[in-house]
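Residues in the sequence shown are numbered consecutively from 1, following full-length UniProt numbering.
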Amino acid sequence: MKVSCSVVVFALVFHFFLVTGSRSPPPSDSVIIIGAGMSGIMAAKTLEEAGYKDYIILEADSRIGGRVHKGQVDGNTVEMGANWLFSGGPKSSPAHEIAKKIKLRTLYSDYGNLSSNIYKQGGGLYEKHVVESAFKVADARQEFGTNLSKILSSKKGGDDDISILGSQRLFKQVPKGPLDLAVDYFYNDFEEAEPTRISSLKNTFPRQLMEDFGEDSYFVADPRGFETVVHYIANQFLSHNNNKITDPRLQLKKTVRKINQSKNKVIITTEDGSVYHANYVIVTVSVGVLQSDLIGFVPRLPLWKKLAINNFDMAIYTKIFMKFPYKFWPTGPGTEFLLYAHETRGYFTIWQHLENELPGENMIFVTVTDEESRRIEQQSEKKTKAEIMQVLKKMFGNGKQIPEPDTMLIPKWWSNRLYKGSYSNWPNGYTLHSYHDLQQPFGRIYFAGEHTNSTYLGYVDGAYFSGINTANALIKCLKHFCEGRRS
């Protein structure tokens, strides 16, 4: 897309105002957005559409998209972060609607035959009727938990809550043994990325995203990547050429290290020494990054804000992709998802082959979360490969030779200082008052990100709406109707 001369002049003038060395005061109502993930891009789009074009987006990474991020395994695109879209409910998911518009390739994830695909710790499949019995108990546990959650939520002004595990204890059906643990992990940890003893019942069940958008899940399997959804949005308002964003208001590889706010302005300092001035800032980094020491705040964040940030949870969800010289796992209808039951919760439990998504590529991946993710990120890839090979030999050996993978990709979301995890999760005991504080601006600093959208917490759609909501709150303030700002 070609840019008019007037736009170029405006962009250069605006850049002069904001970047280091400007001796002029910041332009009226100027805004800096930290982070170019879904929430940051939506915040910028919302400001743009409201007529506020004096903003700049500072992104620490070399790309936009944040935790919507593709990777490569021997030339094949895989999704290291967000991967599924949801459909079939009374409302439409914005991310899914955009995916359909740009014809993003997705495949329906069919979990229907999972009861025939659960492997014992020592090898061999469980009998189907045994697994079906375990699933019936899991369904009853979840129904009980959902009903209890609705009762707790109906209490006006109350903070009564319980963990998912606590509700299972009330129901007198606590998972035990490898099979029950594997099934329970599939029902809960596979979604929240943390164990049931941590996750809040009231703020997990019912899962509002699935209530609204549906439980039909679609696996993104497009060479362009899920991040194309974010690019599509960005291209609607940022100048670009041949799908490459050229707008000077987006600056990549700018890691923010300090946010200094005074009564009348905000000064941002990045790792490379650049200094930016604005009237307001929208911080869209993950709650995990806020919990780290990456960004320093001057003055320091007040105690109410620090408590709200540090008592929330940043979960870790890791997909380990492997490409083999040939397939040795079952393929065909009803074989896509497999479970490995182990006495240790979450020990290489959930497997998915990619024969439907990448036919003939001999690829499979395993999902781990929480402490297993942390453990794997801290050990050598060689040791992780050896552990995985031991599991695969138990699952599919039966005297057959199991080859080593040609390629293995292990995303490290927890170790990456720009993310510090995969997505947020509401822990038991975290109150609505604390969550309100988590969302609240502090002076001229506003906060966005999936962790600030309680309706779709942890999902791309949550990030989408959080960017809109936070930008609208700031716009309201810019029109001299500031509400909820605390110092």
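Here a beta-carbon is modelled for each residue, glycine too, at the ideal position from N, C-alpha and C.
- Item | Beta-carbon proximity check, V220 vs N311, cutoff 8 Å | As a position in the sequence shown, residue 220 is number 220, starting the count at 1. As a position in the sequence shown, residue 311 is number 311, starting the count at 1. No, these two residues do not count as a Cβ contact at 8 Å.
- Message: Taking the alpha carbon of V256 as the reference point, which residue from F237, N264 and I268 has its own alpha carbon closest?
- Response: Residue numbering aside, residue 256 sits at position 256 when the sequence shown is read from its first letter. Its Cα nearest to that of V256, the residue I268 stands out among F237, N264 and I268.
- Item | Opposing strand residues paired with E79 [DSSP bridges] | To locate residue 79, count along the sequence shown from 1; it is residue 79. Paired residue(s): K70.
- Task: Please classify T344: does DSSP put it in a helix, a strand, or coil?
- Result: Mapped onto the sequence shown, residue 344 falls at position 344. The DSSP-derived three-state label of T344 is coil.
- Query: What is the DSSP secondary structure of K323, reduced to helix, strand or coil?
  - Reply: As a first step, residue 323 is located in the sequence shown; it is residue number 323 there, counting from the start. Here K323 sits in strand by DSSP.
- Task: Give me the Cα-Cα distance between L148 and S167, rounded to the nearest whole angstrom.
- Result: The residue you call residue 148 lines up with position 148 of the sequence shown. The residue you call residue 167 lines up with position 167 of the sequence shown. Rounded to whole angstroms, the separation of the alpha carbons of S167 and L148 is 8 Å.
- Distance between T407 and A11 (C-alpha atoms, nearest Å): Numbered from 1 along the sequence shown, position 11 holds the residue referred to as residue 11. Numbered from 1 along the sequence shown, position 407 holds the residue referred to as residue 407. Caution is warranted here: a pLDDT of 41 is assigned to A11, below 50, making its placement in the model unreliable, and no coordinate value can be reported.
- Query: In its own chain, which residues sit with a C-beta less than 6 Å from the C-beta of P206, not counting the 5 before and 5 after it?
  - Reply: Along the sequence shown, read from residue 1 onward, the residue named residue 206 stands at position 206. Cβ within range, chain order: T146.
- Which residue's Cα is closest to the Cα of I64: E191, T318 and K244? Against the sequence shown, residue 64 aligns to sequence position 64. Comparing Cα positions, the closest option is K244.
- Residues near S92 in its chain [Cβ-Cβ closer than 8 Å; skip 5 each side]: Residue 92 sits at position 92 when you count from the first residue of the sequence shown. Sequence-distant partners of S92 (beyond 5 residues in either direction) whose C-beta falls short of 8 Å from its own C-beta, in its chain, are F213.
- Could you tell me which residues DSSP puts in a beta bridge with V131? Sequence index remark: in the sequence shown, residue 131 carries index 131 (1-based). Answer is none; V131 lacks a bridge partner.
- Query: How is I364 classed by DSSP in three states: helix, strand or coil?
  - Reply: Counting from 1 along the sequence shown, the entry for residue 364 is found at position 364. Correct three-state label for I364: strand.
- State the start and end residues of the unbroken alpha helix (DSSP H) segment that holds Y232. As a first step, residue 232 must be located in the sequence shown, where it is residue number 232. Where Y232 is concerned, the enclosing alpha helix (DSSP H) stretches over T228 to A234.
- Item | T384, enclosing alpha helix (DSSP H) - first and last residue | Here residue 384 corresponds to residue number 384 of the sequence shown, with the count starting at 1. Start and end: E381 to F396.
- Task: Determine the extent of the alpha helix (DSSP H) in which Y218 is found, giving its start and end residues.
- Result: Counting from 1 along the sequence shown, the entry for residue 218 is found at position 218. The continuous stretches of alpha helix (DSSP H) do not include Y218, which lies in the beta strand (DSSP E) extending over residues D216 to V220.
- Message: For T46, report the span of its beta strand (DSSP E) as first-last.
- Response: Position 46 of the sequence shown holds residue 46. Not the beta strand (DSSP E): T46 falls in the alpha helix (DSSP H), residues M38 to E49.
- Message: Within 8 Å, do at least three Cβ pairs link the region 67-79 to the region 264-279?
- Response: Too few Cβ pairs lie closer than 8 Å, so no.
- Could you give the C-beta distance for L358 and T349, rounded to a whole number, given that I count them as a contact under 8 Å? In the sequence shown, counting from the first residue as 1, residue 358 sits at position 358. In the sequence shown, counting from the first residue as 1, residue 349 sits at position 349. With a Cβ gap of about 22 Å, L358 and T349 do not count as contacting.
- Query: Are at least three pairs of beta-carbons, each pair with one atom in the region 433-448 and one in the region 304-319, less than 8 Å apart?
  - Reply: Cβ pair count under 8 Å is three or more, so yes.
- Message: I need the DSSP call for D184, collapsed to helix, strand or coil.
- Response: Walking along the sequence shown from the start, residue 184 turns up at place 184. D184 falls in the helix class under three-state DSSP.
- Message: At the level of alpha carbons, what is the spacing between D189 and H451?
- Response: Looking up residue 189 in the sequence shown gives position 189. Looking up residue 451 in the sequence shown gives position 451. Distance between the alpha carbons of D189 and H451 is about 18 Å.
- Query: So H451 is in the alpha helix (DSSP H); what residue range does that whole segment cover?
  - Reply: Translated into the one-based positions of the sequence shown, residue 451 becomes position 451. Annotation: H451 is outside any alpha helix (DSSP H) and is labelled neither H nor E by DSSP.
- Beta-carbon proximity list for R417, same chain, < 8 Å, skipping 5 on both sides: Your numbering for residue 417 matches position 417 in the sequence shown. Excluding sequence neighbours, R417 sits near V289, S292 and L294.
- Item | Option in Y187, E381, K382 and Y218 with minimal Cα separation from G346 | The residue given as residue 346 occupies position 346 in the sequence shown. Ranking Y187, E381, K382 and Y218 by Cα distance to G346 puts Y187 first.
- Closest Cα partner of S158 within the set K150, Y317 and L209: Position 158 of the sequence shown holds residue 158. The question names Ser, but residue 158 is Gly in the sequence shown. Selected option, being the one with the closest Cα: K150.
- Tell me, please, which residues DSSP counts as bridged to T106. The residue given as residue 106 occupies position 106 in the sequence shown. Answer is V220, bridged to T106.
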